[in-house]
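One structure is given here, and the rest of the page talks about it.
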Amino acid sequence: MRLDRYMALCLGHPLHGYYMVREAFGEEGDFITAPEISQVFGELIGIWCVAAWQAMGAPASFNLVELGPGRGTLMADIGRTAKVAPGFLESAKVHLVETSPRLREIQKQAIKTGATWHDTLATVPEGPMVLVANEFFDAIPIRQFERRDGHWRERCVGLAGEALTIGLTDSEAVAGQEAPGKDGDVIEFASLRSDIAGEIGARLARHPGAALIIDYGHLLSAPGDTLQAVRKHKHVPVTERPGECDLTSHVDFEALAKALRQGGAVPWPGLTQRTFLMAMGLEPRTAVLAARADKGMAGMLKRAMGRLADESQMGNLFKVLTATSPGLATPYPFGSP
């Protein structure tokens, strides 16, 4: 079985898929996302969304879209923060792309304002758009190819006795044969990621808007095996307990930018999460909240800031990419394309 098929079943099977049945997020789950670490993260994303809407000319009606909203914390924080911007919430039509019925119910509890749920971006109405995708693309299934004896072979999941294992196909893999490499190299392809990014780009080409993508990965394409499984905050073998572990891989931001550009949008040079959050005001906002809190809470806020921005934690591992409609001004804090 191809790796992308294995990932799709493990994560999205209607009855046994990880996101369909397990408590994935938070201390009691298997991992914690940035919005769960600190409210400041969502507040800064909310400020960015307001600025993007204003750069579009503050349209009286626009789609505020989130891909993979998790527990709904990020969108709730965006909405709470955006209350200070006259007209933003009144103009926003919230659309959440989420395939898990279980997570949809959790999101409905977090997001008090009206929202519409979708299985795919394709059913979100056309129109001006501000889109956010935080830790969405890392869970999109990938294919892997390994260089052996001068040829690329596709990695697949099979059986070794009674146990699942990862092996190589006997025939040369067509998808990777044009890529250079030396024996032992591993390359990853995520065509569905590119398809989704291309659709985002096409929407931005048709209507005014901006997209913000945050995930862990690399700004430039590079070989390497980045597929990982996480269970109860610990790394485990990829083939262990199918459907009970979170399966993800590093996002190739160069490939995403290429797909966005091919769709018709303007991608801007990516940043580390540290650079982005610091430029957006992570330190002063944390300081304000800490000054109002008791000693214990103040310490938690400062530790959360470190987790989000320290180079040894999420600060460098996570990257931030934005794309806008052609003709829009450079979005802060990004540089020229």
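Residues in the sequence shown are numbered from 127 upward in steps of one, following the numbering used here. Each residue gets a CB set at the ideal place from its N, CA and C atoms; glycine is no exception.
- Item | Nonlocal neighbours in the same chain, by C-beta distance under 6 Å from residue 237, ignoring five residues either side | 198, 201, 202.
- Neighbourhood of residue 204 by C-beta distance below 7 Å, restricted to the same chain and skipping five residues each side: Only 168, 171, 172, 175 meet the Cβ criterion.
- Item | One or two residues paired with residue 259 in a DSSP bridge | Residue pairing of residue 259 in beta bridges, as defined by DSSP: 193, 339.
- Shortest alpha-carbon distance to residue 365 belongs to which of 432, 290, 224? Checked all of 432, 290, 224; the closest Cα to residue 365 is 290.
- Message: Between 369, 344, 323, 349, which has its C-alpha nearest residue 307's C-alpha?
- Response: It is 349 whose Cα lies nearest to the Cα of residue 307.
- Message: Considering only the alpha carbon of each residue, which of 131, 137, 128 lies closest to residue 355?
- Response: Ranked by Cα distance from residue 355, the options 131, 137, 128 are led by 137.
- Roughly how many angstroms separate the alpha carbons of residue 343 and residue 423, rounded to a whole number? Taking the straight line joining both Cα atoms gives about 31 Å.
- Query: Cβ of residue 167 less than 8 Å from any chain D Cβ?
  - Reply: Absence of chain D from the displayed structure is noted, only one protein chain being present.
- Does any heavy atom of the ligand FAD sit closer than 7 Å to the C-beta of residue 434? Ligands are entirely absent from the displayed structure, and the ligand FAD is therefore not among its contents.
- Whose CA, out of 239, 232, 177, 225, lies closest to the CA of residue 211? Nearest to residue 211 by alpha-carbon distance, out of 239, 232, 177, 225, is 177.
- Task: Have a look at residue 459 and residue 361 and give me their C-alpha separation to the nearest angstrom.
- Result: If you take the alpha carbons of residue 459 and residue 361, they lie about 34 Å apart.
- Query: Just curious, the alpha helix (DSSP H) that residue 414 is in, first and last residue?
  - Reply: Per DSSP, the unbroken alpha helix (DSSP H) holding residue 414 starts and ends at 408 to 418.
- Do you know how far the Cα of residue 417 is from the Cα of residue 322? C-alpha separation (whole angstroms): 42 Å.
- Query: Would a C-beta distance cut-off of 8 Å place residue 338 and residue 242 closer than the cut-off?
  - Reply: Taking 8 Å as the cut-off, the beta carbon of residue 338 is found no closer than this to the beta carbon of residue 242.
- With contact counted as at least three CB pairs below 8 Å, one residue from each stretch, are the stretch 209 to 227 and the stretch 366 to 386 in contact? No, they do not touch.
- Item | residue 349 in three-state terms, based on DSSP | Residue 349 falls in the coil class under three-state DSSP.
- Query: What is the rounded straight-line gap between the Cα of residue 214 and the Cα of residue 452?
  - Reply: Each residue's Cα considered, the two are about 22 Å apart.
- Taking the C-alpha atoms as reference points, what is the distance between residue 152 and residue 250? Per-residue confidence for residue 152 stands at a pLDDT of 49, beneath the threshold of 50, marking its modelled position as unreliable; no derived number is given.
- Reference residue 227, options 386, 141, 179, 331, closest by Cα: Put simply, of 386, 141, 179, 331 the residue whose alpha carbon is nearest the alpha carbon of residue 227 is 141.
- Message: Quick check on the burial criterion: 16 or more other C-beta atoms within 10 angstroms. Buried or exposed for residue 235?
- Response: Taking every protein chain shown into account, the CB of residue 235 has fewer than 16 other CB atoms within 10 angstroms, so this residue is exposed.
- Which residue from 281, 455, 318 puts its Cα closest to that of residue 391? Selection 281, 455, 318 evaluated against residue 391 yields 455 as nearest (Cα-Cα).
- Item | Start-to-end residues for the alpha helix (DSSP H) that takes in residue 371 | For residue 371, there is no enclosing alpha helix (DSSP H), as DSSP gives it neither H nor E.
- Message: Our contact map puts residue 440 next to residue 388 with C-beta atoms below 8 Å; I'd like the distance itself, whole angstroms only.
- Response: Residue 440 to residue 388, Cβ: 29 Å. No contact.
- Query: Rounded to the nearest angstrom, how far is the Cβ of residue 450 from that of residue 353, given a contact under 8 Å?
  - Reply: Incorrect: roughly 31 Å between the Cβ atoms, too far for contact.
- Query: Contact check, residue 129 vs residue 266 under 8 Å by CB: the rounded distance?
  - Reply: In this structure residue 129 does not touch residue 266 by the C-beta definition: roughly 12 Å separates them, more than the 8 Å allowed.
- Message: When you compare the CB positions of residue 77 and residue 187, do they come within less than 8 Å of one another, or not?
- Response: In the structure as shown, the chain starts at 127 and stops at 463, and residue 77 therefore has no counterpart that could be examined.
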